[in-house]
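Q: Let me give you the structure first, and then I'll get to my questions.
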Amino acid sequence: KAGVTQTPRYLIKTRGQQVTLSCSPISGHRSVSWYQQTPGQGLQFLFEYFSETQRNKGNFPGRFSGRQFSNSRSEMNVSTLELGDSALYLCASSPQATNTEAFFGQGTRLTVV
Amino acid sequence: DQQVKQNSPSLSVQEGRISILNCDYTNSMFDYFLWYKKYPAEGPTFLISISSIKDKNEDGRFTVFLNKSAKHLSLHIVPSQPGDSAVYFCAASAQGGGYNKLIFGAGTRLAVHP
Chain A
813 KAGVTQTPRY
823 LIKTRGQQVT
833 LSCSPISGHR
843 SVSWYQQTPG
853 QGLQFLFEYF
863 SETQRNKGNF
873 PGRFSGRQFS
883 NSRSEMNVST
893 LELGDSALYL
903 CASSPQATNT
913 EAFFGQGTRL
923 TVV
Chain B
521 DQQVKQNSPS
531 LSVQEGRISI
541 LNCDYTNSMF
551 DYFLWYKKYP
561 AEGPTFLISI
571 SSIKDKNEDG
581 RFTVFLNKSA
591 KHLSLHIVPS
601 QPGDSAVYFC
611 AASAQGGGYN
621 KLIFGAGTRL
631 AVHP
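Order-wise, the sequence lines are chains A and B.
Here my numbering is used: position 86 in the first sequence is 898, and no number is missing along the way.
Here my numbering is used: position 6 in the second sequence is 526, and no number is missing along the way.
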C-alpha cells in the first residue's frame, strides 16, 4: 500500500503570496489531518477532514484553510503569506474516524521570503 | 497551555542498553496515546500506541507503559540501536471529540552511541 503523499516537497514563496499544498492519503483512509511543525512551536494541529467535512480546526488564523475531495485527497491553502508561516507542513491520514493512529507524509517545506 | 509535556529535550544512551523516554499529560479526557519517531525533514513515523484501558503495550523492542493516575507514559526501547537515534514525540487524543486530532509533546532527541 502506498503511503501518504504530499506535493510539492519544497516551496519558496514571497510574503503576501498564497500557496496550495496537496495531500493524497493512504488508500481507504477517509480522515486527513494537517499539522504545522516549527522549531519554536513543535507540531501544531491545523485541521482535520473526514468525508469532505472539516470536523475540527486548530488555533490558526483564517488565512489557513483546507478542503477534502470525494476521493479523500486534501489540499490546504495559506493566503497572504507571512514570514512566520515558514514551516514543515505535514499531512496525516487515519484508518478510522476517531482515536486511531495517524500516518504521516514526508511533508512540504515552505519557506516564505 | 502545554497539555502534553516531554520534559527531557535530549537523551544519550549506549548501544545495547535500555532507552526510556517519558511523557506527562494534563488533560484527563485523553484516552489514546501514541509514540512517533522523526528524522529531520521527514514526517513522523508511527511506532506504538496504547489505549487508556491498558497499562502496557509491547511491539518488538518497543514497550509503552501508561500510568493513568499519574498521567504519565513512557516508551522503553530494549536493546537500543544506533538506528534508533532520532527525535521521539509523544502524542495524545480524546475519543470524545469525535475527530482525529493529536496533541504532541515537544519531543526528545535520542542519541544511541556505540
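Ideal Cβ placement from N, Cα and C applies to all residues, glycine included.
Suppose the cutoff is 7 Å on Cβ atoms and the five residues either side in sequence are ignored; what does the same chain contact list for A/Arg875 look like?
A: Once the five neighbours on either side are set aside, the close Cβ partners of A/Arg875 are Val890, Ser891, Thr892.
Q: Against B/Ser569, what residues of chain A qualify as contacts under a CB-to-CB distance less than 7 Å, listed in chain order?
A: Ordered by position in chain A, the residues that pass the 7 Å Cβ test against B/Ser569 are Glu913.
Q: Keeping to the same chain, check which residues put their C-beta closer than 6 Å to that of B/Val533; ignore five residues upstream and five downstream.
A: Result list for B/Val533: Ser539, Ser600, Val632, in chain order.
Q: Should B/Glu578 be flagged as near chain A, meaning a C-beta pair shorter than 8 Å?
A: Closer than 8 Å: no.
Q: Which chain B residues are close to A/Leu902, counting only those with a beta carbon under 8 Å from its beta carbon?
A: Those within 8 Å of A/Leu902 in chain B are Gly563, Pro564.
Q: State yes or no: is the C-beta of B/Asn542 within less than 8 Å of the C-beta of B/Gln523?
A: The answer is no: Cβ separation not under 8 Å.
Q: May I ask you to list, following chain order, the residues of the region 578-604 of chain B that have a beta carbon less than 9 Å from some beta carbon of chain A?
A: If the cut-off is 9 Å between Cβ atoms, the region 578-604 of chain B has nothing near chain A.
Q: Are the C-beta atoms of B/Gln523 and some chain A residue less than 8 Å apart?
A: No, because no Cβ of chain A sits closer than 8 Å to the Cβ of B/Gln523.
Q: Name the chain A residues that come within less than 7 Å of B/Asn620, Cβ to Cβ?
A: Within 7 Å Cβ-Cβ: Ser843, Ser845, Glu860, Ser906, Thr910, Thr912, Ala914.
Q: By the three-class DSSP mapping on this structure, what secondary structure does B/Leu595 have?
A: Looking at B/Leu595 - three-state DSSP - the assignment turns out to be strand.
Q: Mind checking the region 868-890 of chain A against chain B and listing, in chain order, the residues whose C-beta falls within less than 9 Å of any C-beta there?
A: Those would be Asn868, Gly870, in chain order.
Q: By Cβ distance below 8 Å, which residues in the same chain neighbour A/Gln798 in space, the five residues on each side in sequence not counted?
A: The shown model of chain A, from 813 to 925, leaves out residue 798 of chain A, and the question about it has no answer.
Q: Hey, A/Gly854 and B/Phe585 are a contact pair by Cβ (cut 8 Å); roughly how many whole angstroms apart?
A: Going by Cβ atoms, the distance from A/Gly854 to B/Phe585 rounds to 23 Å, so no, they are not a contact pair.
Q: When DSSP builds the beta bridges, which residues end up paired with A/Met888?
A: Beta-bridge pairing links A/Met888 to A/Leu833, A/Gly878.
Q: Using a Cβ-Cβ cut-off of less than 7 Å, give me the residues of the region 817-831 of chain A that come near chain B, in sequence order.
A: Those would be none; no residue qualifies.
Q: For a contact meaning CB atoms closer than 8 Å, what does B/Ala626 contact in chain A?
A: Chain A residues near B/Ala626: Gly854.
Q: Between the Cα of A/Val925 and those of A/Arg827, A/Gln866, A/Gly815, A/Thr819, spot the shortest distance and give me the residue it belongs to.
A: The option with the nearest alpha carbon to A/Val925 is A/Arg827.
Q: Give the residues of chain B in contact with A/Gly917, contact being defined as C-beta atoms less than 7 Å apart.
A: Near A/Gly917 (Cβ distances below 7 Å), the residues of chain B are Gly563.
Q: Mind listing the chain A neighbours of B/Tyr552? Cutoff is C-beta to C-beta under 7 Å, in chain order.
A: Result: Asn911.
Q: Quick check on A/Leu861: buried or exposed, where buried means 16 or more other Cβ atoms within 10 Å of its Cβ?
A: At residue 861 of chain A the sequence reads Tyr, which differs from the Leu that was named. It is buried - the Cβ of A/Tyr861 has at least 16 other Cβ atoms within 10 Å.
Q: Is it right to say B/Val598 is buried, meaning 16 or more other beta carbons lie within 10 angstroms of its own, or is it exposed?
A: Exposed, since its Cβ has fewer than 16 Cβ neighbours within 10 Å.
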